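Asks:
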Amino acid sequence: MQRCAIKECINDTVEGSYCTEHATAFENIEFNFKKWKKAYGEAFSYEEYLQNLTNTPKVGRNIVDVAQQLIENQST
Ligand SMILES: [Zn+2]
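The numbering of the sequence shown is my numbering, which starts it at -1 and goes up by one.
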């Protein structure tokens, strides 16, 4: 078992690089990005979408964790 890819998370991974909670958050992010694209077309990149998530007060903690981790991954 490996630790979840989210630095602050103490859970083990289930499959892929996230624990159950963060895997669910990741699925939500991907799902919502498809809806977002339908609404805004190509006006926003995936990274801008992720940035927006981290700046939106109502977004859940797990989603913000995963979004921040994805942004870090993209910039390396
Ligand atoms: Zn986790």
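Ideal placement from N, C-alpha and C gives every residue a C-beta, glycine not left out.
Since the structure is predicted, the reported quantities are computational estimates derived from the model, not experimental observations.
Residues bridged to Glu13 by DSSP?
Replies: DSSP lists Tyr16 as partners of Glu13.
Asks: Would you check if the distance between the CB atom of Tyr47 and the CB atom of Phe31 is smaller than 8 Å?
Replies: Yes, the Cβ-Cβ distance between Tyr47 and Phe31 is below 8 Å.
Asks: Decide if Val12 is buried, meaning its Cβ has at least 16 other Cβ atoms within 10 Å, or exposed.
Replies: Exposed, because fewer than 16 other Cβ atoms sit within 10 Å of the Cβ of Val12.
Asks: What's the C-alpha gap between Pro55 and Ile27?
Replies: Going from the Cα of Pro55 to the Cα of Ile27 covers about 15 Å.
Asks: At the level of alpha carbons, what is the spacing between Asn9 and Asn50?
Replies: If you take the alpha carbons of Asn9 and Asn50, they lie about 26 Å apart.
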